[in-house]
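S.K.: The opening residue of the sequence shown carries number 1 in the UniProt record's numbering; numbering runs sequentially from there.
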Amino acid sequence: MYIPQLPSDGSQAPQGASMGSHAGVFGPRVERHGNERIRLLLKSFGLRTSLIRLKVIDALLVAAESERSLGVRGVHSQLLELGIPLSFLSVREVLKRLCAEGVITFNADKSYSLHPQAAAVLNSD
Numbered sequence: 001m002y003i004p005q006l007p008s009d010g011s012q013a014p015q016g017a018s019m020g021s022h023a024g025v026f027g028p029r030v031e032r033h034g035n036e037r038i039r040l041l042l043k044s045f046g047l048r049t050s051l052i053r054l055k056v057i058d059a060l061l062v063a064a065e066s067e068r069s070l071g072v073r074g075v076h077s078q079l080l081e082l083g084i085p086l087s088f089l090s091v092r093e094v095l096k097r098l099c100a101e102g103v104i105t106f107n108a109d110k111s112y113s114l115h116p117q118a119a120a121v122l123n124s125d
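Shown next, in the form of structure tokens:
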């Protein structure tokens, strides 16, 4: 059984050491779009929240901000660059499901973007 708090070599973790004791070194963690907004978006479309859905939608939002379009390979590459090890097939299936539910659209250039109705939900803060 793997316990992430213990070292993987089987030795005991030092007593009194805190997992978050170095958190101040890197500063506070900042969410680009805030997962809560994406969670509300998914809920408004009747979808459950999952890490892969959150990350896929976030990747599409980041691409849209920099006026880029992403296809399946682009989304997959973006997630790998962020250290999120998901298979290409998993990313493709999530994109297909989000399209089927109307959250995102599949464009003529084989890229994906947020559906205008979904964008309205995100911007209704």
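In this text, a Cβ means the ideal position worked out from N, Cα and C, and glycines have one as well.
1) Expressed to the nearest angstrom, what Euclidean distance is found between the alpha-carbon atoms of LEU54 and SER66?
2) From the DSSP output, in three-state form, read off SER87 for me.
3) Does LEU114 come out as helix, strand or coil in the three-state DSSP assignment?
4) Alpha carbon to alpha carbon, how far is ALA59 from LEU86? Give it in angstroms, no decimals.
5) Is DSSP giving LEU70 helix, strand or coil here?
6) Are the region 75–82 and the region 96–103 touching by the rule of at least three beta carbon pairs closer than 8 Å?
7) Ignoring anything shorter than 4 residues or poking outside the region 43–67, list the alpha helix (DSSP H) runs there in chain order.
8) With distances taken from CA atoms, which of GLY71, GLY102, THR105 is nearest LEU89?
9) Exposed or buried, LEU42, counting other C-beta atoms within 10 Å across all chains shown (16 or more means buried)?
M.R.: Inspection of the coordinates gives the following:
1) 19 Å
2) coil
3) strand
4) 13 Å
5) strand
6) no
7) 51–65
8) GLY71
9) buried
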